[in-house]
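Beneath this line is the structure, given in structure tokens, with notes to follow.
Residue numbers (the working numbering): 733 to 1152.
As structure tokens, then:
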């Protein structure tokens, strides 16, 4: 079957590109090996959290950051485009109630008690903003292996906050009945929170242990499909602000984001195929005609006028490192930059030092088309988005989801401009 656009990868970058194209009337296919990095990360959108220290205003910091890092994908994006991508996500996923703007970062507690800067957050997380300080109580759920409220609270009270704000934090552990299960995953608890009788038990046990003025932090398990309703009910019945704190993966918030985006794609008539690995292409010189995907039955060729590569980095298999230290891009064997020479050291002495290969990836032009070894576009109708791009260190910058969102949005915009 022929499409207008084939998007490779079902992480945030690929889904963003696909949805932006589909809503403009393009016939879109998303083909992916798996569900992408959404299930591993919180649903918050980090754009730029750190340079030398925490960033208060990404809008103000981005031009300086991009000028100092010419190899970074943000150098290819305007501040206005990044702002537009955030507004687009807020509008398209209204059911998640995203809050925030590029002019200021929230400071939200992580699962280990770090005050982390982020730009856009679902409404279920927003009350956890630490910038003004406050009195917090973190709720533990006995049987949930992926959330440690005492560790979180102990670290959080030592966090340095802007303006001298201070935080007090304590914990409350609940023991809801789990039946025959001794341990329950975050997804399992999320399903339980969608049961009215389970919420009744939680509220009855918790409400008598709260102190007036406290802000209540739950692990991010307040439902899968009906999180807004669960969160609103808990706030109403407990009569306290309630927010979610990300847990260790799998990320319930990330699953909500994935499900919301794929549902929106299907409403726009796009097709999503998960379980197929793109391993080759049909092309005529500088123009792609189709991609070859390995499926359970046989290889299939999907043809289109334009393509978006958003297969991720090393964690997602878009980039691959073998035992000899060789790195390759797995779908098209594109040229890579940022790869150390074979005899270069593979490790740095400091625990938090950057790995020499951390910024490796595909270089791109201003339309996010991949560049070959000579610096020319490898294919005129292929655009790259997300963690496949070279030059970023999301874990150090706190830029991961924002970079995926903005580059996916930019790749789609480039295709729409070329085909208009």
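Every residue gets a Cβ at the ideal spot worked out from N, C-alpha and C, and that includes glycine.
Secondary structure of residue 798, DSSP reduced to three states = Shown here, residue 798 sits in a helix according to DSSP, grouped into three states.
request  = Verify whether the separation of the beta carbon atoms of residue 1024 and residue 1005 is less than 8 Å.
outcome  = No.
Limits of the unbroken beta strand (DSSP E) element including residue 1052 = Unbroken beta strand (DSSP E) run through residue 1052: 1051 to 1053.
message = What does DSSP give as the partner residue(s) for residue 1087 in the beta ladder?
response = Residue pairing for residue 1087: DSSP places it in no beta bridge.
ask   = Whole-angstrom Cβ separation of residue 1042 and residue 741, contact assumed at under 8 Å?
value = Indeed, because the Cβ distance is near 4 Å, the residues count as touching under 8 Å.
query = Hey, residue 979 and residue 879: beta-carbon distance below 8 Å or not?
reply = Cβ atoms of residue 979 and residue 879: closer than 8 Å.
query = Do you know whose CA, among 884, 872, 1090 and 1030, lies nearest residue 1053's CA?
reply = Checking every option, the nearest Cα to that of residue 1053 belongs to 1090.
key: Helix, strand or coil at residue 736 according to DSSP, with G and I counted as helix   = Reduced to three states, the DSSP call for residue 736 is strand.
ask   = Along the chain, where does the beta strand (DSSP E) that runs through residue 1014 open and close?
value = Taken as a continuous stretch (DSSP letters only), the beta strand (DSSP E) holding residue 1014 covers 1009 to 1016.
ask   = Taking the C-alpha atoms as reference points, what is the distance between residue 759 and residue 1028?
value = For residue 759 and residue 1028, the distance between alpha carbons rounds to 24 Å.
task = Would you check if the stretch 845 to 859 and the stretch 816 to 834 touch, i.e. whether three or more CB-CB distances between them fall below 8 Å?
result = The stretch 816 to 834 is in contact with the stretch 845 to 859.
message = Quick check on residue 964: does DSSP put it in helix, strand or coil?
response = Looking at residue 964 - three-state DSSP - the assignment turns out to be helix.
task = Please state whether DSSP places residue 839 in a helix, a strand or coil.
result = The answer is strand: DSSP assigns residue 839 an E or B state.
key: For residue 1075 and residue 830, the rounded distance between their alpha carbons   = Linking residue 830 to residue 1075 through their CA atoms gives a straight-line distance of about 47 Å.
message = Considering Cα atoms alone, identify which of 961, 1105 and 1092 is closest to residue 804.
response = For residue 804, the nearest C-alpha among the options comes from 1092.
ask   = Between the Cα of residue 1073 and the Cα atoms of 1063, 1059, 1086 and 1012, which residue gives the shortest distance?
value = With distances taken between CA atoms, residue 1073 lies nearest to 1059 out of 1063, 1059, 1086 and 1012.
ask   = Does DSSP put residue 828 in a helix, in a strand, or in coil?
value = Annotated three-state conformation of residue 828 is helix, per DSSP.
query = Residues bridged to residue 774 by DSSP?
reply = Looking at the DSSP output, residue 774 bridges to nothing.
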